[in-house]
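Participant: This is the structure I want to talk about, given as structure tokens.
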Amino acid sequence: MFRDITLGQYYPVDSCIHRLDPRVKLFGTLIFLISLFLTDNFIGYIPALIFLISVIALSKVPFKYMVKGMRAILFLLLLSVVCNLFLTRGDVVFSWWKLKITKQGIELAGFMAIRLSFLVIGSSIMTLTTTPNQLTDGLEKGLGFLKIFGVPVHEVAMMMSIALRFIPILVEETDKIMKAQMARGADFESGNIVKKAKSLIPLLVPLFVSAFRRANDLAMAMEARGYRGGKGRTKLKPLKYKGRDAVAYIVIFAYLSVIIALKVIF
Amino acid sequence: MSMIINHVSYVYNPGTPMESKALNDINLVINDGEFVGLIGHTGSGKSTLVQHLNGLLKPTSGEIYFNGRDISDSDFSKKELRSRVGLVFQYPEHQLFEADVFSDVCFGPRNQGLSQKEAELKAFTALKQLKIEDEYFYQSPFDLSGGQKRRVAIAGVLAMEPDILVLDEPTAGLDPAGRDEILNMLNDIRNERGCSIVLVSHSMEDVAEFADRIVVMDHGSIVFDDEPASVFSHSAELEKIGLRAPEVTRALIKLKKEGFDVDVSCINIETAVETIAKCFGI
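Structure (structure tokens):
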């Protein structure tokens, strides 16, 4: 039953967005998010929409995968729309009992809905086109300057990639232990909440034991291969900027200037 | 207490890009008190098949009958099925969780709804049968050696007194002494309790000595289902699917090819030595 969980949402196709350096994608996503918050009128969303649509088209990822991410925030989206719709003061266009809908309310609700959807779709494009490992690599390199301030960037990135790597392993392990205990008559489904929580002990104890065992083995294997932290460590696939990354940076900055220009003009 | 597997097929992740056929029209009968060796290369579908035997997986098509009743019938309790068909997973020591050995073995019988006393009695018998010394009973299972842990975990399933005991690679990762120990114990259990045993392995040596029947699987289908000696005589076909007849059989087959009059149906070292000696007139 745990087999169906897919981690991250990486969608494996070959496109120019996929091939971009993860740092560019991280930076681009950040700029896109900032631009959404800079904009405070509908006109500002036109370049954002154009930017978003062209990136989606270039990424070759089916649009329905982007919308999938929306499902998780559907409730949040509805809540914000409803709150904005009913709680904004202004010129009343419709009223029923104590509820009033104002012109400003409609505008704000629509505005917020667009902002939230763009936020989610924008960040899903990054996770759909970048593997978790590339992401941590990008973060490590991109935030490398923090090392000067004593932040253990490499160590944190390493921890992140190990954690990501372990998730599917632990999911599989959970599935196995669950089946083994079910074969011994364990029942994970029936009973009240206390009984259910208790029935998880035969699952959780072996799971923790095996996680620690694996962590131990991994630490040993890393040390046996001479791992001693980030200092002086080279990469198998070092991140190197290519021509397309420069183009992407230019596009991102052009986009940012358009947004700022619109903000100044209107 | 027989089990009949009738035209069973199983597909993983049907309807997705990851769809893969694991079992393909399996027909198999497990008789009372029989010791069946289920052999196959990694990925041949043997582990998938054994998970069908106690209802952990439901066949995509086909039926499984236990004592004449279809196990996917809604009135056939899965709990009852799982206590009649004991399944020991690969590396069963990874499922141990209690603070001491004895309570861990009691877990199965307690789930069957037995009283503490009855459960303890069954746990005690099972531990004794797997030759766990009394001094270990109240130790943490995590302090035991690998072989001991394995035996405790098998005892945890045996304590439920199943009619069919299914073991998925019970000898994986054990040294030769530990391996022989477990195999001998399984044979004793079969003789003392009269239960059937299904032993899954990829090594012919594991099953050669005690199995009454050997079932060979390849790519989700059954290739051979026969007595050990006649399965081993297909040594060339076995090698084609990544398996090997036991050393003894292969040596005898080679001798026969060289013109020596030996009996190639011998499957253990003692009888093989006899037939070779006889052929040399010693």
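Each protein sequence line maps, in turn, to chains A and B. Residues in the first sequence are numbered consecutively from 1, following the working numbering. Residues in the second sequence are numbered consecutively from 1001, following the working numbering. Using N, Cα and C, we set each Cβ at its ideal position, and we do this for glycine too.
Could you pull the start and end residues of the alpha helix (DSSP H) that A/V88 belongs to?
Facilitator: First, the amino acid is wrong: residue 88 of chain A is Thr here, not Val. Looking at the DSSP string, A/T88 is not in any alpha helix (DSSP H), and its letter there is neither H nor E.
Participant: Secondary structure at A/T6, three-state DSSP: helix, strand or coil?
Facilitator: With a pLDDT of only 45 at A/T6, under 50, the local geometry of the prediction cannot be trusted, and no value is derived from it.
Participant: Would you say A/V24 faces chain B, with C-beta separation under 8 Å as the test?
Facilitator: For A/V24, the answer is no, since every Cβ of chain B falls outside 8 Å of its Cβ.
Participant: Using a beta-carbon distance cut-off of less than 9 Å, what residues from the segment 34 to 67 of chain A approach chain B?
Facilitator: Those would be none; no residue qualifies.
Participant: Residue range of the alpha helix (DSSP H) that B/D1213 falls in?
Facilitator: According to the sequence shown, residue 1213 of chain B is Arg rather than Asp. Here B/R1213 belongs to no alpha helix (DSSP H); instead the beta strand (DSSP E) covers R1213 to D1218.
Participant: Which same chain residues end up closer than 7 Å to A/T88 when comparing Cβ atoms and leaving out the 5 residues on each side of it in sequence?
Facilitator: Hits under 7 Å: T102, Q104, G105 and L108.
Participant: For A/P238, does the count of other Cβ atoms within 10 angstroms reach 16, so buried, or fall short, so exposed?
Facilitator: Label assigned to A/P238: exposed.
Participant: Nearest CA to the CA of B/K1078: which residue from B/V1088, B/F1066 and B/F1089?
Facilitator: If we check each option's Cα against that of B/K1078, B/F1066 comes out closest.
Participant: How should B/P1014 be labelled, buried or exposed, when 16 other C-beta atoms within 10 angstroms of its C-beta is the threshold for buried?
Facilitator: Exposed, since its Cβ has fewer than 16 Cβ neighbours within 10 Å.
Participant: Taking B/P1092 as the query, report the chain A residues whose CB atoms sit under 7 Å from its CB, ordered along the chain.
Facilitator: The contacting residues are A180.
Participant: Which same chain residues end up closer than 6 Å to B/G1178 when comparing Cβ atoms and leaving out the 5 residues on each side of it in sequence?
Facilitator: Taken in chain order, the residues that qualify are G1147.
Participant: Considering only the beta carbon of each residue, do B/P1246 and B/M1204 sit closer than 8 Å?
Facilitator: Yes, the pair counts as a contact, with Cβ atoms nearer than the cut-off.
Participant: Taking three-plus beta-carbon pairs below 8 Å as touching, is the segment 1155 to 1172 of chain B in contact with the segment 1074 to 1090 of chain B?
Facilitator: Yes: at least three Cβ pairs fall under 8 Å.
Participant: Could you check how far apart the C-beta atoms of B/G1037 and B/I1214 are, in whole angstroms? I think they sit under 8 Å.
Facilitator: Rounded, the Cβ-Cβ distance is 4 Å, consistent with contact.
Participant: Go ahead and pull the three-state DSSP assignment for B/R1110.
Facilitator: Helix, per DSSP.
Participant: Residues of chain B with CB closer than 9 Å to the CB of A/V209, please, in chain order.
Facilitator: What A/V209 touches in chain B: H1094, L1096, F1097 and F1142.
Participant: Which residue spans inside the segment 1134 to 1166 of chain B form an unbroken alpha helix (DSSP H) run of at least 4?
Facilitator: Here the runs fully enclosed are 1146 to 1158.
Participant: Leaving aside the five residues before and after B/I1241 along the sequence, list all residues of the same chain whose C-beta is less than 7 Å from its C-beta, in chain order.
Facilitator: So the qualifying residues of the chain are H1041, D1218 and V1223.
Participant: Report buried or exposed for A/M1, applying the criterion of at least 16 other Cβ atoms within 10 angstroms of its Cβ.
Facilitator: With a pLDDT of only 38 at A/M1, under 50, the local geometry of the prediction cannot be trusted, and the value read off the model is given with reservation. Burial call: exposed.
Participant: I want to know whether the segment 1101 to 1113 of chain B touches the segment 1137 to 1145 of chain B - three or more CB-CB distances under 8 Å.
Facilitator: These segments touch.
Participant: Around the Cβ of A/L76, are there at least 16 other Cβ atoms within 10 angstroms (buried) or fewer (exposed)?
Facilitator: Exposed, because fewer than 16 other Cβ atoms sit within 10 Å of the Cβ of A/L76.
Participant: According to DSSP, is A/R71 part of a helix, a strand, or is it coil?
Facilitator: Three-state DSSP puts A/R71 in a helix.
Participant: Between the segment 26 to 37 of chain A and the segment 107 to 127 of chain A, are three or more C-beta pairs nearer than 8 Å?
Facilitator: They touch, by the three-pair rule.
Participant: Under 7 Å between beta-carbons, which chain A residues line up against B/S1196? List them in chain order, please.
Facilitator: Per Cβ cutoff of 7 Å: no residues; B/S1196 is ~16 Å from chain A at best.
Participant: Can you look up B/H1234 in the DSSP assignment and give me helix, strand or coil?
Facilitator: Coil.
Participant: Please give me, in chain order, every unbroken run of the alpha helix (DSSP H) with length at least 4 that falls completely inside the segment 215 to 249 of chain A.
Facilitator: Listed in chain order, there is nothing to give.
Participant: Note the first and the last residue of the continuous alpha helix (DSSP H) segment covering A/G142.
Facilitator: Its alpha helix (DSSP H) spans residues P132 to G142.
Participant: Assign A/V82 to buried or exposed, taking buried as 16 or more other Cβ atoms, counted over all protein chains shown, within 10 Å of its Cβ.
Facilitator: Flag for A/V82 reads exposed.
Participant: Given that B/M1160 touches chain A, what residues does it touch there, using C-beta distances under 8 Å?
Facilitator: The answer, in chain order, is R184 and G185.
Participant: A/K179: which of B/E1019, B/L1023 and B/N1054 sits nearest, CA to CA?
Facilitator: Cα-wise, what sits closest to A/K179 is B/N1054.
Participant: Spell out a yes or no on whether the segment 1191 to 1211 of chain B and the segment 1109 to 1122 of chain B are touching, meaning 3 or more CB-CB pairs, one atom from each, closer than 8 Å.
Facilitator: No, the segment 1191 to 1211 of chain B is not in contact with the segment 1109 to 1122 of chain B.
Participant: Just how far apart, CA to CA, sit A/N206 and B/L1049?
Facilitator: Per the sequence shown, residue 206 of chain A should be read as Pro rather than Asn. Each residue's alpha carbon lies about 25 Å from the other.
Participant: Quick check: the segment 40 to 59 of chain A against the segment 157 to 168 of chain A, are there 3 or more CB pairs under 8 Å?
Facilitator: The segment 40 to 59 of chain A vs the segment 157 to 168 of chain A: no contact.
Participant: Does A/L26 come out as helix, strand or coil in the three-state DSSP assignment?
Facilitator: Of the three classes helix, strand and coil, the one that applies to A/L26 here is helix, per DSSP.
Participant: Taking B/A1208 as part of the alpha helix (DSSP H), name the residues at either end of that continuous run.
Facilitator: M1204 to A1208 is the span of the alpha helix (DSSP H), which, as asked, contains B/A1208.
Participant: Along the chain, where does the beta strand (DSSP E) that runs through B/Y1010 open and close?
Facilitator: M1003 to Y1012 is the extent of the beta strand (DSSP E) around B/Y1010.
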